[in-house]
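Novice: Got a structure here, written out as C-alpha cells. Questions coming.
Below you can see the structure in the form of C-alpha cells.
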C-alpha cells in the first residue's frame with residue numbers, strides 16, 4: 188500500500204475512501220496456532236485480483252463531538268462485530284503510538300460505509316476484501332505509516348494478503364505476539380501480465396461450514412493437516428515462489444492444483460468430514476485435467492477455497508478457448524469482467540470434452556487478472 | 188480355512204466346490220511396496236461378510252490326459268489372466284513342495300467354473316471373493332496344508348483377507364519375498380454376534396478408476412499417503428484391534444469412519460485426484476453423522492471402498508431404525524439379505540433427518556453380518 192499521509196490534516200472532519208481487492212491463495216491457509224491473534228499454522232501465497240471487477244469499498248468519516256461508530260454494509264446498518272471493533276482499536280493505538288493523530292482525533296466517532304460490487308453470498312472472500320479495505324481507510328484517516336497487514340490479519344486472517352497487489356506471501360512468523368505474521372509482496376502485478384483468472388461461480392444450495400469453524404475442527408481432528416503444514420507447505424511455498432518468479436506456468440499450475448486438492452483432502456480427513464467441493468466443482472476440476480492432457484501441458488489450473496466456486500488460472504492467449512470450453516460444457520452464457528474477444532473451441536476438444544453438457548450448474552464466469560492491493564481513492568478534507 | 192484333505196485321493200477326476208466371502212476393510216489397504224508380489228504399504232483390518240447373501244462359488248474339476256485350463260465366470264468363458272495363471276501355478280508348486288499331489292495330478296488340465304451371487308459390476312469386491320475361492324478350491328483339490336493367504340494375496344491383494352472368517356488382519360510383513368505378508372484371524376465371527384452390516388448400493392454412472400491403477404498413482408503422487416501408512420495406520424490398527432476385542436462399538440465406529448475418510452483424502456491428494464465418493468455417498472455419510480449426533484453416541488458407522496457404495500455397521504438392535512432412516516431419506520424399498528422385522532423411524536429422527544428426500548439414488552440395501560471365511564462345500568471323488 189502506498190503511504191499517502193496528509194500530515195497537515197488533523198483527521199477530523201475528513202472523508203477517506205479506499206477500495207480493496209479479493210485475493211485467492213495458491214498455497215492455502217487452513218488452521219491457526221493462535222485463534223485470538225489469528226496466527227496461521229503455515230505460510231500461504233496468494234494472487235491479488237484486480238479491483239476493476241471485484242472490490243470492497245469503504246468510506247470513513249470522523250464525527251467530532253461523538254463517540255459513536257456506525258457501520259453500514261451494502262446499504263444495511265450492521266452491528267459492530269468484535270473483530271471490527273478490534274481492528275479500529277488497533278489502528279487508533281498505532282496512530283497514537285506513531286504520533287500521527289491526536290487523542291482527540293482517534294476518540295472521535297466514525298461513520299463507516301462499506302459495499303462490495305459482487306454478491307456477498309457468492310463465496311468470493313468478501314470479508315477478506317472488506318477488512319483490508321477498512322484498515323486501509325483507517326490508515327489514511329489517521330495517517331498511520333508502514334505496514335498494516337498485522338492489524339488486518341487480526342480482523343480476518345487471509346485479508347492481510349489483500350493489503351498488497353500482485354503476488355503475496357503471508358508468513359506465519361515466529362513471535363508469540365504474532366507481530367511478525369505479516370504479508371509481503373513477492374512480485375507486483377506487472378511481473379506476469381499474461382496471467383488471467385476466471386472465477387466460475389457455481390450454483391450451490393448446501394449450507395457450508397464457515398472457514399473459521401471448519402479450520403478449527405480440522406486442527407483438532409486431522410492427522411494429515413499436521414504433516415501438510417509442517418512438511419509439505421514449507422517446500423511448496425519455495426517451489427511456488429520460484430515458479431512465479433520464472434513465470435513458469437506449468438509448474439505454477441501443478442503446484443496450485445496439488446495444493447488445492449491437498450487442502451480439500453485435509454477437510455475430508457476432518458472428523459466429521461467437511462466437503463466444500465460439490466459435483467460441479469469436481470466436474471470443473473476433471474475438465475481441467477482432461478483439457479491439459481489433450482493440450483499436452485498444463486494450460487489451465489484450478490483452485491477451490493472453502494466453497495464450490497472454481498478459480499481458474501491461465502495465460503491470456505488461452506482465455507477464449509477455456510471460455511469456449513465452459514460454454515460448451517456448462518452452457519454458460521454470462522461472462523462478466525474483462526471482455527473475451529473470440530470464443531472458440533477447437534474441434535479436438537469440443538468433440539471429446541464437451542460431450543456431456545451439464546446445464547444450470549454454473550451461474551456465471553468473471554474474467555479478471557492480477558491487480559493492485561488496497562488503496563486510497565478519495566481523500567476529501569473539505570467536507 | 189479348515190484343512191480338509193482327502194489323503195487317499197489322487198486328485199485326478201475329482202470335483203471340488205468352494206464358496207468364499209466378500210470382506211470390507213475398516214482399516215484400509217491402499218498402495219503396494221511391491222507391485223508384482225502385491226506387498227502392501229501397511230497392515231489392514233477387515234470384516235468378513237456372511238456367504239449367505241454374498242459369495243463367490245468355484246467348482247474345479249481335473250481333466251486327465253489334457254493340459255488345458257478353461258475358466259468360466261458367471262456363465263461366460265473368460266481368458267485366463269496372468270494373475271489367475273499365477274495363482275494356479277503357485278498352488279501347484281506348493282502341492283509338489285508339500286508332496287500332497289503327484290506331478291501327474293498337478294499337470295492335469297482344469298475346468299474352473301465360477302459365479303458370484305451378486306452383480307459383479309456392483310462394486311462389491313467380487314475379485315476378492317473370487318480369488319479367495321479359486322485358491323481355496325485348488326487347496327482342497329491338491330490337498331495343500333496350512334495357510335494359503337500368501338498365495339491368494341498374489342492373485343488379488345485384499346482377497347487374502349477373505350480366506351478367514353470374522354475379523355481379519357493382513358500384515359504387510361517384513362520380508363522382501365512377501366512370504367510373511369499374510370492374513371490371520373483376529374477374532375471369529377462369533378466374537379461379536381450383534382454386529383450387522385448394511386450395504387447401500389448406490390446408483391453411479393461415473394467410470395471409476397480401478398483400484399490397481401488408482402493406488403499406484405496415489406503412491407507416486409500423494410505426500411499424505413506416506414504419512415498415513417507410516418504414522419497413522421500402525422497406531423490405528425492397534426486401536427481397532429482393541430475396539431473389536433472389547434466389542435466397543437463407539438470406538439470401532441469412530442475409527443472406521445475416520446479411516447474411510449482418510450483413505451478418500453489420500454485419493455483426493457493424488458495427482459490428478461481420484462474421487463470415489465459421489466453426492467449420494469456424501470449424503471449417506473452426513474446422514475450417519477447427523478443420526479449419531481441425535482442419538483448422542485456413535486450408533487452407525489460408514490465405510491467406503493474404491494466406489495460409491497456405503498458399508499454401514501451397526502448393532503442388531505439399531506437395524507430397524509437405520510433401515511427406516513434409509514427408507515425415509517432415499518425412498519429405498521428393496522431390502523435384501525437378512526429380514527428386518529419392524530422398520531421404524533423415531534419421530535425425533537424422522538422430522539429433522541428425513542426432511543429432504545432424495546429418490547432413485549440408492550438401488551437397494553443388503554442386510555448382512557460377519558461370517559465364515561472361504562470353505563469347501565462339496566468334495567466329490569466319484570465323478
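Protein chains in written order, with this note's numbering: chain P, 188 to 570; chain L, 188 to 570.
Ideal Cβ placement from N, Cα and C applies to all residues, glycine included.
Just to make sure I have the definition right: I need the residues of chain P whose C-beta is within less than 9 Å of the C-beta of residue 213 of chain L. Which are they?
Specialist: Along the second chain, one-based indexing puts residue 213 of chain L at 26. Chain P residues near residue 213 of chain L: none, gap ~15 Å exceeds 9 Å.
Novice: Please state whether the Cβ-Cβ distance between residue 332 of chain L and residue 278 of chain L is less than 8 Å.
Specialist: Taking the second chain and counting its residues from 1, the one referred to as residue 332 of chain L is at position 145. Taking the second chain and counting its residues from 1, the one referred to as residue 278 of chain L is at position 91. Taking 8 Å as the Cβ cut-off, residue 332 of chain L and residue 278 of chain L do not qualify as a contacting pair.
Novice: Please tell me whether residue 403 of chain P has its Cβ less than 8 Å away from any Cβ of chain L.
Specialist: Stepping through the first chain from its first residue, residue 403 of chain P is reached at position 216. Cβ-Cβ to chain L under 8 Å: no for residue 403 of chain P.
Novice: What are the uninterrupted segments assigned as beta strand (DSSP E) that are 3 or more residues long and contained completely in the region 191-276 of chain P, given in chain order?
Specialist: As far as the region 191-276 of chain P is concerned, its whole beta strand (DSSP E) runs of at least 3 residues are 202-207, 210-214, 219-221, 231-235, 243-250, 256-260 and 263-265.
Novice: So what's residue 574 of chain L in DSSP terms, helix, strand or just coil?
Specialist: Lying before the first or after the last residue shown, residue 574 of chain L is absent from chain L, which here runs from 188 to 570.
Novice: Start and end of the alpha helix (DSSP H) containing residue 411 of chain L?
Specialist: Residue 411 of chain L sits at position 224 when you count from the first residue of the second chain. It spans 410-414 - the alpha helix (DSSP H) in which residue 411 of chain L sits, taken as one unbroken run.
Novice: Note the first and the last residue of the continuous alpha helix (DSSP H) segment covering residue 372 of chain P.
Specialist: Your numbering for residue 372 of chain P matches position 185 in the first chain. Element bounds for residue 372 of chain P: not the alpha helix (DSSP H) but the beta strand (DSSP E), 370-374.
Novice: Give a yes or no on whether the minimum CB-CB distance between residue 452 of chain P and chain L is below 8 Å.
Specialist: Within the first chain, numbered from 1, the residue matching residue 452 of chain P stands at position 265. Yes, residue 452 of chain P counts as interfacial toward chain L.
Novice: Leaving out the 5 sequence neighbours to the left and right, which residues in its chain are closer than 7 Å to residue 548 of chain L when beta-carbon positions are compared?
Specialist: Locating residue 548 of chain L in the second chain gives position 361, where the first residue counts as 1. Only 389, 390, 467 and 517 meet the Cβ criterion.
Novice: Mind listing the chain L neighbours of residue 419 of chain P? Cutoff is C-beta to C-beta under 7 Å, in chain order.
Specialist: Along the first chain, read from residue 1 onward, the residue named residue 419 of chain P stands at position 232. Here the neighbours are 410.
Novice: Tell me, please, which residues DSSP counts as bridged to residue 300 of chain L.
Specialist: Counting from 1 along the second chain, the entry for residue 300 of chain L is found at position 113. BP columns for residue 300 of chain L point to L/246 and L/259.
Novice: Anything in chain P within Cβ reach of residue 445 of chain L, meaning under 7 Å, just list it in chain order.
Specialist: Translated into the one-based positions of the second chain, residue 445 of chain L becomes position 258. Here the neighbours are 458.
Novice: Select from L/297, L/340 and L/498 the residue whose C-alpha is nearest the C-alpha of residue 253 of chain L.
Specialist: The count along the second chain starts at 1 and reaches residue 253 of chain L at position 66. Measuring from the Cα of residue 253 of chain L, the nearest candidate turns out to be L/297.
Novice: CB residue 238 of chain L to CB residue 559 of chain L, shorter than 8 Å?
Specialist: Counting from one through the second chain, the residue named residue 238 of chain L turns up at place 51. Counting from one through the second chain, the residue named residue 559 of chain L turns up at place 372. Yes. Within cutoff.
Novice: Just the C-alpha distance for residue 338 of chain P and residue 357 of chain L, rounded to the nearest angstrom, thanks.
Specialist: Against the first chain, residue 338 of chain P aligns to sequence position 151. Against the second chain, residue 357 of chain L aligns to sequence position 170. Computed Cα separation, rounded: 54 Å.
Novice: Would a C-beta distance cut-off of 8 Å place residue 336 of chain L and residue 369 of chain L closer than the cut-off?
Specialist: Working through the second chain from its first residue, we reach residue 336 of chain L at position 149. Working through the second chain from its first residue, we reach residue 369 of chain L at position 182. Yes, Cβ-Cβ distance for residue 336 of chain L and residue 369 of chain L is below 8 Å.
Novice: Mind pulling the chain L residues with CB within less than 7 Å of residue 476 of chain P?
Specialist: For this step, residue 476 of chain P is matched to residue 289 along the first chain. Under the 7 Å cutoff, chain L gives 459.
Novice: Taking a cut of 9 Å between CB atoms, which residues from the region 486-498 of chain L lie near chain P?
Specialist: Residues: none.
Novice: Considering only their Cβ atoms, is the gap separating residue 354 of chain L from residue 378 of chain L smaller than 8 Å?
Specialist: For the purposes of this step, residue 378 of chain L is identified with residue 191 of the second chain, where counting begins at 1. For the purposes of this step, residue 354 of chain L is identified with residue 167 of the second chain, where counting begins at 1. For residue 378 of chain L and residue 354 of chain L, yes; Cβs fall inside 8 Å.
Novice: Just to make sure I have the definition right: I need the residues of chain L whose C-beta is within less than 8 Å of the C-beta of residue 415 of chain P. Which are they?
Specialist: Looking up residue 415 of chain P in the first chain gives position 228. Here the neighbours are 410 and 411.
Novice: For residue 557 of chain P, decide whether its Cβ has a neighbour in chain L, counting only Cβ atoms nearer than 8 Å.
Specialist: Here the question's residue 557 of chain P lines up with position 370 in the first chain. Cβ-Cβ to chain L under 8 Å: no for residue 557 of chain P.
Novice: Any idea what DSSP makes of residue 515 of chain L, helix, strand or coil?
Specialist: If you number the second chain from 1, residue 515 of chain L lands on position 328. Note: residue 515 of chain L maps to helix in three-state DSSP.
Novice: Using the Cα positions of residue 206 of chain P and residue 419 of chain L, report the straight-line distance between them to the nearest angstrom.
Specialist: As a position in the first chain, residue 206 of chain P is number 19, starting the count at 1. As a position in the second chain, residue 419 of chain L is number 232, starting the count at 1. Their Cα atoms are separated by approximately 46 Å.
Novice: Who are the Cβ neighbours of residue 438 of chain L in its own chain at under 6 Å, not counting the five residues just before and after it?
Specialist: For the purposes of this step, residue 438 of chain L is identified with residue 251 of the second chain, where counting begins at 1. 430.
Novice: Sort out for me which residues DSSP pairs residue 563 of chain L with in a bridge.
Specialist: On the second chain, position 376 is the one that residue 563 of chain L refers to. Paired residue(s): L/205.
Novice: Residue 469 of chain L versus chain P: which residues are under 7 Å apart at the beta carbon?
Specialist: Here residue 469 of chain L refers to the residue found at position 282 when the second chain is read from its first residue. Correct list: 462.
Novice: Where do the N-terminal and C-terminal ends of the alpha helix (DSSP H) with residue 501 of chain L fall, by residue?
Specialist: Here the question's residue 501 of chain L lines up with position 314 in the second chain. Looking at the DSSP string, residue 501 of chain L is not in any alpha helix (DSSP H); the run it does join, the beta strand (DSSP E), is 497-502.
Novice: Which residue wins for smallest C-alpha separation from residue 220 of chain L, given the options L/413, L/286, L/323 and L/423?
Specialist: What you label residue 220 of chain L is simply residue 33 of the second chain in a count that begins at 1. Of L/413, L/286, L/323 and L/423, the residue nearest in Cα terms is L/413.
Novice: When the Cα atoms are used, what is the spatial distance from residue 455 of chain P to residue 328 of chain P?
Specialist: Here residue 455 of chain P refers to the residue found at position 268 when the first chain is read from its first residue. Here residue 328 of chain P refers to the residue found at position 141 when the first chain is read from its first residue. Near 44 Å, if we compare the C-alpha coordinates of residue 328 of chain P and residue 455 of chain P.
Novice: Mind listing the chain P neighbours of residue 466 of chain L? Cutoff is C-beta to C-beta under 8 Å, in chain order.
Specialist: The count along the second chain starts at 1 and reaches residue 466 of chain L at position 279. Simply 465 and 466.
Novice: For residue 439 of chain L, report the span of its alpha helix (DSSP H) as first-last.
Specialist: Your numbering for residue 439 of chain L matches position 252 in the second chain. Taken as a continuous stretch (DSSP letters only), the alpha helix (DSSP H) holding residue 439 of chain L covers 436-455.
Novice: Since residue 318 of chain P and residue 274 of chain P are thought to touch, with beta carbons under 8 Å apart, how far apart are those beta carbons, to the nearest angstrom?
Specialist: For the purposes of this step, residue 318 of chain P is taken as the residue at position 131 of the first chain. For the purposes of this step, residue 274 of chain P is taken as the residue at position 87 of the first chain. Indeed, because the Cβ distance is near 7 Å, the residues count as touching under 8 Å.
Novice: Mind checking who residue 354 of chain P pairs with in its DSSP beta bridge?
Specialist: Locating residue 354 of chain P in the first chain gives position 167, counting from the first residue. DSSP, once it has assigned bridges, lists P/234 and P/374 as partnering residue 354 of chain P.
Novice: How about residue 553 of chain L and residue 224 of chain L: are their beta carbons less than 8 Å apart?
Specialist: If you number the second chain from 1, residue 553 of chain L lands on position 366. If you number the second chain from 1, residue 224 of chain L lands on position 37. No, Cβ-Cβ distance for residue 553 of chain L and residue 224 of chain L is not below 8 Å.
Novice: Run down chain L in chain order and give the residues with a C-beta less than 7 Å from the C-beta of residue 228 of chain P.
Specialist: Walking along the first chain from the start, residue 228 of chain P turns up at place 41. Simply none; closest approach about 15 Å.
Novice: So that I know if they touch, is there some Cβ in chain C lying closer than 8 Å to that of residue 303 of chain L?
Specialist: Considering every chain present, this structure includes no chain C. Its protein chains are P and L.
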